[in-house]
Amino acid sequence: MKLGVLFSGGKDSCLALHRAVAAGHEVVCLLTLLPERDDSWMFHTPALEWTALQAEALDIAQLTSVTPGEPEEELADMEALLVRAQRKYGITGVVTGALASVYQATRVQRTCADLGLWCFNPLWQLPQLELLEVLLTDGYEVVVTAVAADGLDTGWLGRSLDRVAVDELQELSERHSINPAGEGGELETLVLYAPLFRKRLRLIETTSKFHTGAGQLHITKAVLV
Numbered sequence: 017m018k019l020g021v022l023f024s025g026g027k028d029s030c031l032a033l034h035r036a037v038a039a040g041h042e043v044v045c046l047l048t049l050l051p052e053r054d055d056s057w058m059f060h061t062p063a064l065e066w067t068a069l070q071a072e073a074l075d076i077a078q079l080t081s082v083t084p085g086e087p088e089e090e091l092a093d094m095e096a097l098l099v100r101a102q103r104k105y106g107i108t109g110v111v112t113g114a115l116a117s118v119y120q121a122t123r124v125q126r127t128c129a130d131l132g133l134w135c136f137n138p139l140w141q142l143p144q145l146e147l148l149e150v151l152l153t154d155g156y157e158v159v160v161t162a163v164a165a166d167g168l169d170t171g172w173l174g175r176s177l178d179r180v181a182v183d184e185l186q187e188l189s190e191r192h193s194i195n196p197a198g199e200g201g202e203l204e205t206l207v208l209y210a211p212l213f214r215k216r217l218r219l220i221e222t223t224s225k226f227h228t229g230a231g232q233l234h235i236t237k238a239v240l241v
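Per our numbering, the very first residue in the sequence shown carries number 17; after that it's consecutive.
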């Protein structure tokens with residue numbers, strides 16, 4: 017099937033893309049919503065401007081749309097973006113990185129049903145520690161771009177999700193009852209390299225801001241190598 021991927025550039029959407037291709041589907045476009053507010057109910061927000069480099073690294077076309085980030089308006093904006101993808105690329109389905117959020121999954125599924133599109137959630141109910149192990153096994157290079165949970169301090173911003181980091185996340189999940197893969201918003205990520213990438217992102221200039229238990233990595237310069 018010809019599929020579009022709801023794409024944030026984070027680990028979940030990249031892994032979902034990988035699994036869709038591995039299942040024999042043709043991914044013809046990446047679909048990225050750009051919320052104007054940081055607390056979007058539906059969509060990932062940090063480092064979205066760098067998804068254009070990821071699209072280039074993947075050699076897959078990207079469609080983007082700005083959304084105010086309001087609960088119902090962003091659903092209408094997503095629907096309009098899916099319609100554009102249907103018309104321009106002939107997609108017959110949509111891939112999501114939904115893992116456990118019923119709020120997100122049901123709304124995407126409802127929108128897809130209204131448009132006659134198949135909704136494919138290849139990561140649904142995948143255990144979070146298993147997801148992190150898959151990233152390590154498959155050679156993903158992932159950095160943390162935002163944190164908002166007990167135990168995740170400024171030192172996590174820009175940190176790679178390597179073996180040591182994954183082990184620490186497991187410990188933190190047991191100690192503080194956080195979601196180790198960040199499903200509850202505890203952390204956000206950016207993928208620098210994945211199996212389908214033809215080039216690797218390199219971060220050149222970054223700054224970190226951390227205040228009252230939450231922080232974000234701001235990337236001011238990045239290149240493909």
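No residue lacks a Cβ here, since even glycine has one placed at the ideal position from N, Cα and C.
Item                                                                                                                            : Value
CA-to-CA distance, ALA101 to ALA197, given in whole angstroms                                                                   : 29 angstroms
Residues of its chain near TRP66, where Cβ-Cβ distance is below 8 angstroms and the 5 sequence neighbours each way are ignored  : GLY25, LEU206, LEU217, ILE235 and ALA238
Of the listed residues VAL43, LEU74, VAL21 and LYS27, nearest to LEU49 (C-alpha basis)                                          : VAL21
According to DSSP, residues forming a beta bridge with GLY231                                                                   : VAL163 and PHE226
Three-state secondary structure (DSSP) of LEU74                                                                                 : helix
C-alpha gap between LEU147 and ALA92, whole angstroms                                                                           : 30 angstroms
Neighbour-count burial assignment, GLU89, 16 or more Cβ in a 10 Å radius                                                        : exposed
Residues of its chain near GLY109, where Cβ-Cβ distance is below 6 angstroms and the 5 sequence neighbours each way are ignored : MET17, LEU19, LEU133, TRP134 and PHE136
Secondary structure of SER189, DSSP reduced to three states                                                                     : helix
Straight-line gap, GLU221 to GLY200 (C-alpha atoms, nearest Å)                                                                  : 28 angstroms
Own chain residues within Cβ distance below 7 angstroms of ILE76, not counting five before or after                             : VAL43, CYS45 and LEU46
LEU97 beta carbon less than 8 angstroms from that of LEU115                                                                     : no
Beta-carbon proximity check, ALA210 vs HIS41, cutoff 8 angstroms                                                                : no
Selection from VAL180, ASP130, LEU177 and LEU173 that minimises the alpha carbon distance to LYS225                             : LEU173
Cα-Cα separation, LEU151 to LEU131                                                                                              : 32 angstroms
Helix, strand or coil at GLU157 according to DSSP, with G and I counted as helix                                                : strand
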